[in-house]
Structures are given as structure tokens and as C-alpha cells.
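Taking it in order: structure first as C-alpha cells, then the write-up.
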Amino acid sequence: MSSFHLELKAQQLKADGNQRFVSGHYSDAAKVYTHILETCSAKVNPELIRTIRCNRAACYNELGKYQQAAEDCALVLAADPGSPRSRSITLKAHLRLARSLHGLGELEKATMELDRFRSLNGKSQASELSLRVQILQDQVEQDTVAEERCGLATRLLHYVVRTSRPAPIVIDDQVPTVLCSTNPPRIPTNAFLTHLVQKYDQRIMHTQEWTCWKCPAKAESMVHTPCAYFHLEEPVVVDLAQPICIHGGECEKEARALMAGQMAKLSARSASKA
Numbered sequence: 001m002s003s004f005h006l007e008l009k010a011q012q013l014k015a016d017g018n019q020r021f022v023s024g025h026y027s028d029a030a031k032v033y034t035h036i037l038e039t040c041s042a043k044v045n046p047e048l049i050r051t052i053r054c055n056r057a058a059c060y061n062e063l064g065k066y067q068q069a070a071e072d073c074a075l076v077l078a079a080d081p082g083s084p085r086s087r088s089i090t091l092k093a094h095l096r097l098a099r100s101l102h103g104l105g106e107l108e109k110a111t112m113e114l115d116r117f118r119s120l121n122g123k124s125q126a127s128e129l130s131l132r133v134q135i136l137q138d139q140v141e142q143d144t145v146a147e148e149r150c151g152l153a154t155r156l157l158h159y160v161v162r163t164s165r166p167a168p169i170v171i172d173d174q175v176p177t178v179l180c181s182t183n184p185p186r187i188p189t190n191a192f193l194t195h196l197v198q199k200y201d202q203r204i205m206h207t208q209e210w211t212c213w214k215c216p217a218k219a220e221s222m223v224h225t226p227c228a229y230f231h232l233e234e235p236v237v238v239d240l241a242q243p244i245c246i247h248g249g250e251c252e253k254e255a256r257a258l259m260a261g262q263m264a265k266l267s268a269r270s271a272s273k274a
């Protein structure tokens, strides 16, 4: 069979595999992709093979075969020619590898893949953000179990929530002593901050009737931007919180942009005092 006809056959089989995947028949789709890889890999466009291998990784992730998915993604990334046309598959491979590593419990490595995805993509994406949240939640659970088993030492923490009100909301809690340094580990720190915000979000919402920071509508939730100062003698988390009316709306987007700017100023001020 000529290379032209072989590639045409591979494209037809790929379409069949894609349809099986969309229909939720992940095992059948994986078998179709495997057949293409075993019979066509050396004779068709390498970029088509990268696509098919990446698709098989997606099947393996859905089937819980995370090690096999990770191996496929690694091969896809290793064969990246670095061309603009290859970028789409490379992005998918980073995201699918992150999911595989998350499934394998490799939370730090999974986060690194998400960072690579965001760096290459130039912006965040809903599926990436969702996976980041899952990773942080798993890290919180792991840390909680570890603390319970080991009786991990903690220190008093002041959780300072600054809103549009003149006086901040101050809540005392505990922070693991292992985080109390000038350069605490990133994932445990992010996990702790996520846990802290989730723990007190409803309590803060119920302190009063909130109005959206941007419009007259009733606020339904808060945009939280916590920043940790664990190196202080009395560790502090400063959370710049803004009430918002609708998730994903313009008020939330503007609030996040404003808070990012404010946190950058706080960080710069803290660095100048160090």
C-alpha cells in the first residue's frame, strides 16, 4: 500500500476512534488508536501519529490507566518538532500528562505540567483551572491526614480579610510550622490557602448583607486573593476579598484584575521592607 493510501486509511481509522471516544467507548477507541500506531507509525505523517498517540492517552486517562497515559504523553512531547502547527497537540499532551500524574498521585509534577501548559498557552483555561483545584483539594486532604497522624506542630495564624468595610475581618487559626519560613513549599502553601479560604468563606458572607463591589446587585459570593506572610513572628494571611454578583461576569473579571494589582503592590512593599 502506498504512503498516500496508508495515510488516508489512518485518517479514516482515526475518525472512527474519535467517534468511539465521543460516544464514551474509551476502550474501543483505544484499540483503534493502537491499531493505527502498530500498523502505520513508520509510514505516515509524524504529526498524525502524535495526534493519535495523544488521543490514546485521553482514552487511558478516562479508563484510569494513568501510567499508560503518561507514557503516551511523554512520547508525544518528546517528538514535538516545535512548529506552530504542532502547538495544539503539544498543549493537549501537557494537559493530559498533568491529569495522568494527578491520577498517579504525583501532585507536584502534575502542577509543573499545568505550569508548562499555561506558559505555552499564554493564558489559563477552564479545564486547566479545574484540574488545579482538584490537585489543591487532594493536597489539602493529604496534608490533613499527615497532620492527624503525625501531630504536626502548628503556630497561631491571623487571617485578615480586607473588604470594602473600614475594619478588616480578623479570624485566628493555626498554620503548620513547616510552612513558617521565608520560602515555604509552593503546593502545600497554595493548598493551605485554598483550604483556609474555603473554610471561612461562608462565615464571611454571613457577617452582613453584601452588595457587589462594582454594581448595585446583591453579592452572591466573594473573590478571594490571599497572600501569605508565614515568615513573620506571628504568621499572617492577608486576603483581599471583593463581593461579586455573578460568577464569571464582568464584575468578577474586574475584581480579579484589581486584586491582582493590589497584591502585586503588597508583595513589592513587603520585599522592600525585607
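Under UniProt numbering, residue 274 is the last one in the sequence shown; the count climbs by one each step, no gaps. The C-beta atom is built at its ideal place from N, Cα and C for all residues, glycine as well.
| Asked | Found |
| --- | --- |
| Residue environment, Gln242, which counts as buried when at least 16 other CB atoms sit within 10 Å | buried |
| Contact between the segment 46-58 and the segment 6-14 (3+ Cβ pairs under 8 Å) | yes |
| Inter-residue spacing [alpha-carbon to alpha-carbon] between Ala228 and Gln198 | 15 Å |
| Close-in-space but distant-in-sequence residues of the same chain around His102 (CB under 7 Å, 5 per side omitted) | Ala110, Leu131, Gln134, Ile135 |
| Beta-carbon proximity of Cys180 to Pro235, cut-off 8 Å | yes |
| Proximal residues to Lys92 (C-beta, below 6 Å), its chain only, five neighbours per side dropped | Cys54 |
| Beta carbon of Val160 nearer than 8 Å to that of Val170 | yes |
| Chain-order list of residues whose beta-carbon lies under 7 Å from that of Glu254 (same chain, five-residue window excluded) | Lys214 |
| Beta-carbon proximity list for Ile244, same chain, < 8 Å, skipping 5 on both sides | Cys212, Trp213, Lys214, Ala219, Glu220, Ser221, Met222, Val223, Cys251, Glu252, Ala255 |
| Nonlocal neighbours in the same chain, by C-beta distance under 6 Å from Glu233, ignoring five residues either side | none |
| Candidates Val238, Pro166, Val32, of which the one nearest Ala57 by Cα | Val32 |
| Leu129, buried or exposed, once every other Cβ within 10 Å from all chains shown has been counted against 16 | exposed |
| Under 8 Å between C-beta atoms of residue 280 and Arg85 | Since the first and last residues shown for the chain are 1 and 274, residue 280 lies out of range. |
| Glu113 burial status per 10 Å Cβ neighbour count (16 or more: buried) | buried |
| Buried or exposed by the 16-neighbour rule on C-beta atoms within 10 Å, applied to Ala70 | buried |
| Close beta carbons around Asn61, own chain, < 8 Å, minus the five adjacent residues each side | Ala69, Arg96, Arg99, Ser100, Gly103 |
| Residue range of the beta strand (DSSP E) that includes Val161 | 154-162 |
| Proximal residues to Val22 (C-beta, below 6 Å), its chain only, five neighbours per side dropped | none |
| Cβ neighbours of His138 in the same chain (closer than 7 Å, five flanking residues each side left out) | Per the sequence presented here, residue 138 reads as Asp, with His not at that position. If we look at Asp138 and ignore the five residues flanking it on each side, its Cβ neighbours are Leu107. |
| When His94, Asp28, Ala79, Glu7 are compared against Thr39, the one with the closest alpha-carbon | Glu7 |
| 6 Å Cβ shell around Thr163 - same chain, five flanking residues per side excluded | Ala241 |
| Assigned secondary structure, Asp28 (DSSP; H/G/I helix, E/B strand, else coil) | helix |
| Per-residue burial, Lys65 [other beta carbons within 10 Å of its own, 16 or more giving buried] | buried |
| Top-ranked residue by Cα proximity to Ile187, from Asp115, Tyr26, Asp72, His206 | Asp115 |
| CB-CB length for Asp173 against Leu157, believed under 8 Å | 5 Å |
| Cβ separation of Glu88 and Val44, assumed to be a contact under 8 Å, to the nearest whole Å | One detail in the question is off: residue 88 reads as Ser in this sequence, not Glu. That belief does not hold up - the Cβ atoms of Ser88 and Val44 are roughly 18 Å apart, past 8 Å. |
| Cβ-Cβ distance between Ala30 and Cys59 below 8 Å | yes |
| Distance between beta carbons of Leu196 and His237, contact taken as under 8 Å | Note that residue 237 is Val in the sequence shown here, rather than His. Going by Cβ atoms, the distance from Val237 to Leu196 rounds to 6 Å, so yes, they are a contact pair. |
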